[in-house]
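Residue numbers (this note's numbering): 15 to 394. Just so it is clear, CB atoms sit at the ideal spot from N, CA and C, and this is done for glycine as well. In what follows, a structure is listed as C-alpha cells, so that the remarks can point back to it.
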Ligand SMILES: Cc1ncc(COP(=O)(O)O)c(C=O)c1O
C-alpha cells in the first residue's frame, strides 16, 4: 500500500531514541533545549518552545497573547480543525475568511471583509506547504492592531517570497509547527512554537508546564531548592526527551527530505500538466514550498466518476489518497454552536468538491511514483 503520506525513520533515528531511553532523563532533560536551539537556528528565529503536538502549540500560542474572552479570531476554513479549535480553547469566537482560488490559502481581501471591532487575532495557515500571503496579512494586522499566529504545520522548510524561512516570524508574532508523522520531520507526536519576542518565549515555557515557574529570577520568594511557583494556569504540554532526540536526528536529514518531495512533485507535474481534467498544485512565483501535500483538483464530471469511486479505484490498486480538508465550518460542532451553514464560503466549498491529495512523502520510490501516475492517467 502506498499511503498518501508517511514518515521516514532510519537506524540513526532509532539509535538516537534508544540512547535517550537508556539515559536518566526521559522528559524535562537536556535534549529539549538542544532541539529547540537547533530548530530555532534552522528557521532563523530567536526562540523556540517544544510542546506535545501542533495542536498544543496553537493552543498555547493563543493563550500567551492574553486575548480577551469573547474576542474574534480569523482563520482559513481550508485547514485541519486544530487551527480554529485554538480559538475555542481560549474563549475566542471563530471567524473564517474564504480562500484564494489559486493557492487555496486564506485570501487577505477576505480577511478584511471579516474584520470587526472584536477581531484581535489572525491565524493564517500555510496550506500544503505554500506560505500564506503573509506580507499582506501582516500589513492588515498592523493597521488594525491584530496579533498574527502563523500555523505552519505544513510548512517546515518553506520560504516566503523575500527568501526568509517560515518560522523566522518576520510576519507573525508566533509561528507553530507540528511533527506528526506525515509532516516534514516527525517526533511521533510533537510540535513547536517559534517567536522573536523574549516575553512570549518565557511565558510559553511556563504555560507548557502547568504555569509553573522554577527559575530563581522569576520567583516571588526562594526558600530552597525544592521550591517552585504555579503563577498562572497552564497545562502539561511537554515534549519528551526521546521525542526531542528523534527531532534532532530528523532535522539533520531535513534537506534531503525536502529535496525528495520536490523531485516527486516535479515528476507528477510533468505527467499531469497536460491532463485537461486534473489541475496540479500552483506554486506562487518567488515562493519556495516544501510541498507537504500534492493536492490535485479533479474534474470528476469529465472523467465520469465520483471522488468516492476514484478513491476506491486507487485504493483497490494499493494507492492511498485523502481529502484536505472538509471546510472546518461545515463540521457539525461548528454548525451547531456557531451557526455556520453550507455556502458560507463558496471558494472553499468549490475547492473542497474537487480536491484529492495524492501520495507524497520522501521515502516514496520512483516505482511508487510511476505506479500512482499510471493509475491516475487510467482514470480517463
Ligand atoms: C494545518 C494544521 N494545523 C495544526 C495541526 C495539528 O497538529 P498536531 O496533529 O501535531 O496536533 C495539523 C495537523 O495535522 C495541521 O494540519
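- Secondary structure in the stretch 163-208: the beta strand (DSSP E) runs of 3 residues or longer, each lying completely within the stretch, are 188-192 in chain order.
- Under DSSP, residue 312 takes part in a beta bridge, and its partners are 292.
- The DSSP-derived three-state label of residue 238 is coil.
- Counting other Cβ atoms within 10 Å of its Cβ, residue 337 stays below 16 and is therefore classed as exposed.
- For residue 352, the three-state secondary structure derived from DSSP is helix.
- Residue pairing for residue 139: DSSP places it in a beta bridge opposite 165.
- In this structure, residue 251 has its beta carbon at no less than 7 Å from each heavy atom of ligand 1.
- When Cβ pairs closer than 8 Å are counted between the two stretches, the stretch 361-374 is seen not to touch the stretch 254-273, the count staying below three.
- Distance from the CA atom of residue 111 to the CA atom of residue 93, rounded to whole angstroms, is 12 Å.
- Between ligand 1 and residue 177, a heavy atom-to-CB distance of less than 7 Å is absent.
- As the crow flies, the alpha-carbon of residue 251 is around 5 Å from that of residue 66.
- Within the model, the alpha-carbon separation for residue 298 versus residue 374 is close to 20 Å.
- Residue range 68-78 is occupied by the alpha helix (DSSP H) that includes residue 68.
- Looking at the backbone, the Cα of residue 58 and that of residue 172 are separated by about 12 Å.
- For residue 110, there is no enclosing alpha helix (DSSP H); the residue is found in the beta strand (DSSP E) stretching over 107-110.
- CA-to-CA, the gap between residue 357 and residue 198 works out to about 33 Å.
- With contacts defined as CB atoms closer than 8 Å, residue 165 and residue 137 qualify as a contacting pair.
- Looking at the DSSP output, residue 371 sits in a beta bridge with 309 and 336.
- Only residues of its own chain outside the window of five on either side were considered, and among them 16, 333, 372 and 373 have a CB closer than 7 Å to the CB of residue 386, listed in chain order.
- The C-beta distance from residue 86 to residue 157 rounds to 16 Å, too long to meet the 8 Å contact threshold.
- DSSP places residue 359 in the coil class of the three-state scheme, outside both helix and strand.
- With a cut-off of 7 Å, the C-beta of residue 337 is classified as distant from ligand 1, since no heavy atom of the ligand falls inside that distance.
- If you draw a straight line from the Cα of residue 89 to the Cα of residue 391, it is about 35 Å long.
- Here the C-alpha atom of residue 205 lies approximately 16 Å from the C-alpha atom of residue 95.
- The closest heavy atom of ligand 1 lies 7 Å or more from the beta carbon of residue 73.
- A check of alpha carbon separations from residue 211 across 228, 203, 75 and 352 identifies 75 as the nearest.
- Membership of residue 64 in the beta strand (DSSP E) is indicated by the continuous run 61-65.
- Under the 10 Å beta carbon count, residue 346 is surrounded by fewer than 16 other beta carbons and is classified as exposed.
- Secondary structure at residue 93: coil, using DSSP grouped into helix, strand and coil.
- Nearest Cα to residue 301 within the set 177, 35, 219 and 184: 177.
- If you check the C-beta of residue 164 against ligand 1, you find no heavy atom less than 7 Å away.
- Per DSSP, reduced to three states, the secondary structure at residue 244 is strand.
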